[in-house]
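Counting from 1, one number per residue, gives the positions in the sequence shown under the numbering used here.
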Amino acid sequence: MRHKTEITFLAIFSILAILVGMVFMTNLFPQTTGMTIFDPDNPQLGNISGIFFLISGIGIAILAFAKNRKYRNQSIDQLEYFRDNSIRD
1 MRHKTEITFL
11 AIFSILAILV
21 GMVFMTNLFP
31 QTTGMTIFDP
41 DNPQLGNISG
51 IFFLISGIGI
61 AILAFAKNRK
71 YRNQSIDQLE
81 YFRDNSIRD
């Protein structure tokens, strides 16, 4: 069960990072003034931060997908071994 929890947290952090990146990059749209929380005179900082968060979110999503595939592809014997010998929380 630990692996499912880990993958769930990675997926949640991925979604949050992508959403924060989208909020920071709102100045890409002409109808808004953008995220000027960093420097009101330089809204490009919002773009830079937004791109960083988007890339981070995509990277975390790829990591979660890879971990999910890794654990899914393990044999039944290994899964039974993990179940029988894991440390109970």
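Every residue gets a Cβ at the ideal spot worked out from N, C-alpha and C, and that includes glycine.
### Pair within 7 Å by beta-carbon distance, S49 and F24
Taking the sequence shown and counting its residues from 1, one reaches residue 49 at position 49. Taking the sequence shown and counting its residues from 1, one reaches residue 24 at position 24. Yes, these two residues count as a Cβ contact at 7 Å.
### Query
Taking only beta-carbon atoms, is F52 less than 7 Å away from chain C?
Checking the listed chains, one finds no chain C in this structure; it contains a single protein chain.
### Own chain residues within Cβ distance below 7 Å of K4, not counting five before or after
Here residue 4 is taken as the residue at index 4 of the sequence shown, counted from 1. Closer than 7 Å at the Cβ level, and outside the excluded window around K4, lies no residue.
### Query
Shortest alpha-carbon distance to V20 belongs to which of R83, I7, L54 and K70?
Locating residue 20 in the sequence shown gives position 20, counting from the first residue. Of the candidates R83, I7, L54 and K70, the one whose C-alpha sits nearest the C-alpha of V20 is L54.
#### Entry: Beta-carbon proximity list for F52, same chain, < 8 Å, skipping 5 on both sides
Residue 52 sits at position 52 when you count from the first residue of the sequence shown. The residues are G21.
### Task
Select from Y81, N68 and A64 the residue whose C-alpha is nearest the C-alpha of I12.
What you label residue 12 is simply residue 12 of the sequence shown in a count that begins at 1. Checking every option, the nearest Cα to that of I12 belongs to A64.
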